[in-house]
Amino acid sequence: MLLKVLSPEKFIYEGEVVLAQFPGSMGSFEILNNHAPMIARIDKGKIKVIDEGRNKFYLEVNSGIVEVKDNTIIVLTE
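If you use this note's numbering, the sequence shown corresponds to residues -11 to 66, in order.
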C-alpha cells in the first residue's frame, strides 16, 4: 500500500509500505493492506513504518489527520 506523509511545506515521505502504526488520541493503531476506509485524528508522536523490504523506521509528526482509502494512506500533519 502507498503511504504519503505531507506537511504544508513539503512531502515528508512517500513510498510503498506493508504496515503503518499511528499515535492516535486514544492509543496507537495500525493500518495493514486492504484496511477499511477511514479518517482519524493523530496526535504528536512517531509513525512506525515497515516498508516492502521489511525495513522498520519512524517518522516524527505533530498532530494531524490520516485518511485510508483503496490501499492508500494519506497523512496531513503540521
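Glycine included, every Cβ here is placed at the ideal spot set by N, Cα and C. Model, not experiment: these values are computed from the prediction.
Legend entry - Ordered list of beta strand (DSSP E) runs contained in the region 14 to 50, each at least 3 residues: Counting only runs of at least 3 residues, the region 14 to 50 fully encloses the following beta strand (DSSP E) elements, listed from N- to C-terminal order: 15 to 20, 26 to 30, 33 to 39, 44 to 49.
Inset, instruction - Report the rounded CA-to-CA distance for residue 21 versus residue -11, giving the unit in angstroms. - result: In a straight line, the C-alpha of residue 21 is about 6 Å away from that of residue -11.
Inset, instruction - In the DSSP assignment, find the unbroken beta strand (DSSP E) run with residue 66 in it and report its ends. - result: That residue, residue 66, is in no beta strand (DSSP E); it is neither H nor E in DSSP.
Inset, instruction - Tell me whether the beta-carbon of residue -7 lies closer than 7 Å to the beta-carbon of residue 38. - result: No.
Inset, instruction - Within the same chain, show all residues whose beta-carbon is closer than 6 Å to that of residue 28, passing over the 5 residues directly before and after it, in chain order. - result: So the list reads 54, once near-sequence residues are dropped.
Inset, instruction - Just the C-alpha distance for residue -3 and residue 47, rounded to the nearest angstrom, thanks. - result: Answer to the nearest angstrom: the Cα atoms are 16 Å apart.
Legend entry - residue -3 - DSSP class collapsed to helix/strand/coil: In the three-state reduction of the DSSP assignment, residue -3 falls in the coil class, being assigned neither a helical nor a strand state.
Legend entry - Reference residue 18; option with closest CA among 12, 26, 25, 8: The shortest C-alpha separation from residue 18 is found at 8.
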